[in-house]
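Novice:
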C-alpha cells in the first residue's frame, strides 16, 4: 500500500512538472525563437533602433523590439497552457496591464516620454492591480515594529513600492543580459515557491516568463549583430511582471512562510531597488534631478572595472542570488521575522553599495574613467 502511494505521488509530481513547468517553458521558448527574427527584420526596416549617444554602451544602432518578442512568447505560452492546465486562471486586467505598460514603453522608445507621464501610468496600473486582485502589502509581521496596516496606508505603500520596483528593473537594463537574467532568476524562484503553496496559475505565469526569456537572453548576450535590446517597453513589462508575482506571493506565501514572506520578497527585489536608491540619493546630493541620466549604476562600475557585459551580468545576478541565500539561511535557522529582514537587508546593502564602492576604488586606481565605458566595443 505504501509503495502504491509512493508511485501515485511520483505520477502526480511528474504530471504537474510536465503541465505546469516544462510545457509553459517550452511553449514560450519556441514562440520567441520563431518570432525573434521576424521582429528583428521589422525593427531594422522601420529603423526602430537604439541610436548610440553619449550615455549608450552600444557603438552601432541596435533594434529595441525585445519587449514585443517577450510579450508574444509569454501570451502564446499562456494561451496553450490554458488548454492543458484546467486550474489556470489569471486576471484579464493583469494581461491588459502588461499590454498597456508595453505600449507605453514602446512609445517611450519611439518618441520619448517624460518621467512624470511614465510614473503616472505605472502608478495607475499598480493601483488598479491592487484593487482588482486584492494584492497589497497590508501586514509587515513585526518588521519595523509594524503589523497590520490600514487599507489606505497599505495601498500607498504598495503603489509607491510597485512603481519603485518597475523603474528599478528598468534602470538595470544597461548591459547585455542583466535585466533579462535578473528576471529569469526571479521567475524561477517564484515559480518554485508558487508550486510549493499550490498557486498553479502564477506558477505557470512564472515559468512562462522564464521560458520566454531564456532564448532572448541567449540572443541578447551571444547574438552579435543579431542581438536585440529589450528597450523601455521590455524592461517596463518585466518590471510590472515582477511586481505582479511578488505581490501575489506576498498574499499567498504567508501560508507557508509566515512572516518570512516579508524578508523573502525584499531579498528577491533587493539589488535593483538598492542600486536605484543609491543612484537617486547621490544625484539629489549633487543638486541634480533624481531622474537625470548618468553612468553611476552598479553595472557601470563593473564595466569600468574592465569586466565584459556577460561577466558583469552574471556577477550581479549571482550577487542577487547570494542575498536570497542569506535569507534562506535565516529561515533555516528559524531566526525571528524581523531579524531575518534586518540580516537580509544588511547583507544586501553590503553587496550592493559595498560592491559599488569597491569597484569604483579599483577602477580609479587603474585609471579607468567614464569615457572608457562609452568607448568600449560591445559588439
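In the numbering used here, the protein residues as written are 29 to 407. Just so you know, even glycine gets a beta-carbon here, dropped at the ideal spot from N, CA and C.
Near residue 219, what residues of its chain come up, given a Cβ to Cβ distance below 6 Å and the 5 sequence neighbours on each side ignored?
Specialist: If we look at residue 219 and ignore the five residues flanking it on each side, its Cβ neighbours are 231, 234 and 235.
Novice: Using CA atoms only, rank isn't needed, just tell me which of 329, 68 and 109 is closest to residue 56.
Specialist: 109
Novice: Let me confirm a value: residue 254 is counted as buried when at least 16 other C-beta atoms fall within 10 Å, else exposed. Which label applies?
Specialist: exposed
Novice: In angstroms with no decimal places, state the Cα-to-Cα distance between residue 243 and residue 269.
Specialist: Linking residue 243 to residue 269 through their CA atoms gives a straight-line distance of about 18 Å.
Novice: Hey, could you find the ends of the alpha helix (DSSP H) residue 195 is sitting in?
Specialist: 179 to 199
Novice: So, with DSSP's three-state summary, where would you put residue 167?
Specialist: strand
Novice: Mind checking which residues open and close the alpha helix (DSSP H) that includes residue 144?
Specialist: Residue 144 -> alpha helix (DSSP H) spans 143 to 161.
Novice: Please list the segments of the alpha helix (DSSP H) lying wholly inside the region 50 to 75, counting only runs of 4 or more residues, in order along the chain.
Specialist: 51 to 73
Novice: Just to check my reading of the structure: residue 127 and residue 93 have Cβ atoms closer than 8 Å, yes? What is that Cβ distance to the nearest angstrom?
Specialist: Residue 127 to residue 93, Cβ: 15 Å. No contact.
Novice: Could you pull the start and end residues of the alpha helix (DSSP H) that residue 111 belongs to?
Specialist: 94 to 112
Novice: Taking the C-alpha atoms as reference points, what is the distance between residue 117 and residue 229?
Specialist: 6 Å
Novice: Name, in chain order, the residues that DSSP records as bridge partners for residue 176.
Specialist: 167
Novice: Given a cut-off of 8 Å, decide if residue 241 and residue 208 are closer than it, judged by their beta-carbon atoms.
Specialist: Cβ atoms of residue 208 and residue 241: closer than 8 Å.
Novice: From residue 367 to residue 296, what distance separates their C-alpha atoms?
Specialist: 17 Å
Novice: Within 10 angstroms of its Cβ, does residue 193 collect 16 or more other Cβ (buried), or is it exposed?
Specialist: buried
Novice: Would the beta-carbon of residue 151 be found less than 7 Å away from any heavy atom of the ligand ADP?
Specialist: As presented, the structure is devoid of all ligands, the ligand ADP included, so that no description of it is given.
Novice: Short check: CB of residue 324 to CB of residue 301, under 8 Å?
Specialist: no
Novice: How long is the line joining the alpha carbons of residue 409 and residue 150, rounded to whole angstroms?
Specialist: What the structure shows of the chain is the stretch from 29 to 407, and residue 409 is not part of that stretch, so it cannot be assessed.
Novice: Note the first and the last residue of the continuous alpha helix (DSSP H) segment covering residue 294.
Specialist: Start and end: 288 to 313.
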